[in-house]
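Chemist: Numbering (full-length UniProt numbering), first residue to last: 1 to 162. I have a structure here, written as structure tokens, and I will follow up with some questions on it.
In structure tokens, the structure reads:
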């Protein structure tokens, strides 16, 4: 009941001005919902953005994800998870960054070598929709072949500082 009431209240009022595209993408509001989204998707990559809707980095990533959602719908499902509302995965996936994107395929975490040294996740926002589409497509093609680690089509080792 509480979750349904919260869902309805979202549509009764306008979203806060600080939220950009996040309210247009599917949110997973519990650990169980996250698990089910990963378990039930058989043919597509599950892309999950962990973070906060109000964070500037997440807002930028959400805008990119919303912009590509229609283009990748045949091979990827995109979800958002608030790491304060759903803290279940914070320790397991080391979700300490403001914005983290992870990939799953048939209940398996798919790692991606971006040249940054961290193959588990993407922890920055993209400026280019096509780069994100290329990464998701690479993850999908590699995961479908049974690979647990795929190599990014572009090397990000010098582009972003940590």
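Glycine is no exception: its CB is placed at the ideal position from the N, C-alpha and C atoms. Nothing here was measured: the structure is a model prediction, and the numbers come from that model.
Would you mind sorting residue 102 into buried or exposed? The rule is 16 or more other CB atoms within 10 Å of its CB.
Modeler: Indexing the chain shown from 1 puts residue 102 at position 102. So residue 102 ends up on the buried side.
Chemist: Return helix, strand or coil for residue 108, following the three-state DSSP convention.
Modeler: Walking along the chain shown from the start, residue 108 turns up at place 108. Residue state, collapsed to three classes: strand.
Chemist: What are the boundary residues of the alpha helix (DSSP H) that residue 57 is part of?
Modeler: Here residue 57 refers to the residue found at position 57 when the chain shown is read from its first residue. Start and end: 56 to 72.
Chemist: Report the option in 123, 146, 150, 145 whose CA atom is closest to the CA atom of residue 135.
Modeler: What you label residue 135 is simply residue 135 of the chain shown in a count that begins at 1. Residue 150 is the option with its Cα nearest to residue 135.
Chemist: Using DSSP with H/G/I as helix, E/B as strand and the rest coil, what is residue 86?
Modeler: Counting from 1 along the chain shown, the entry for residue 86 is found at position 86. If DSSP states are grouped into helix, strand and coil, residue 86 belongs with coil.
Chemist: Nearest to residue 44 by CA position, among 75, 54, 50, 61, is which residue?
Modeler: For the purposes of this step, residue 44 is identified with residue 44 of the chain shown, where counting begins at 1. Here the closest residue by C-alpha is 75.
Chemist: Compute the Euclidean distance between the alpha carbons of residue 52 and residue 46, then round it to the nearest angstrom.
Modeler: What you label residue 52 is simply residue 52 of the chain shown in a count that begins at 1. What you label residue 46 is simply residue 46 of the chain shown in a count that begins at 1. Each residue's alpha carbon lies about 19 Å from the other.
Chemist: With residue 188 as the anchor, note down where its alpha helix (DSSP H) starts and where it stops.
Modeler: With the chain covering 1 to 162 only, the question about residue 188 has no answer from this structure.
Chemist: Between residue 115 and residue 30, what straight-line distance do the alpha-carbon atoms span, to the nearest angstrom?
Modeler: Taking the first residue of the chain shown as position 1, residue 115 is located at position 115. Taking the first residue of the chain shown as position 1, residue 30 is located at position 30. When rounded, the distance between both Cα atoms is 32 Å.
Chemist: By alpha-carbon positions, which one of 153, 157, 132, 139 ends up nearest to residue 69?
Modeler: By 1-based counting over the chain shown, the position of residue 69 is 69. The option with the nearest alpha carbon to residue 69 is 132.
Chemist: In the DSSP assignment, the alpha helix (DSSP H) including residue 149 goes from what residue to what residue?
Modeler: Here residue 149 is taken as the residue at index 149 of the chain shown, counted from 1. Not the alpha helix (DSSP H): residue 149 falls in the beta strand (DSSP E), residues 149 to 151.
Chemist: Just reading off the alpha helix (DSSP H) that residue 31 is part of, what are its end residues?
Modeler: By 1-based counting over the chain shown, the position of residue 31 is 31. 31 to 40 is the span of the alpha helix (DSSP H), which, as asked, contains residue 31.
Chemist: Around the Cβ of residue 155, are there at least 16 other Cβ atoms within 10 angstroms (buried) or fewer (exposed)?
Modeler: One-based indexing of the chain shown puts residue 155 at position 155. Looking at its Cβ environment, which holds fewer than 16 other Cβ atoms inside 10 Å, residue 155 is exposed.
Chemist: Considering only DSSP beta bridges, list what residue 50 is partnered with.
Modeler: By 1-based counting over the chain shown, the position of residue 50 is 50. BP columns for residue 50 point to 81, 100.
Chemist: Between the Cα of residue 145 and those of 120, 106, 82, spot the shortest distance and give me the residue it belongs to.
Modeler: Locating residue 145 in the chain shown gives position 145, counting from the first residue. Looking at the Cα atoms, 106 is the closest of the given residues.
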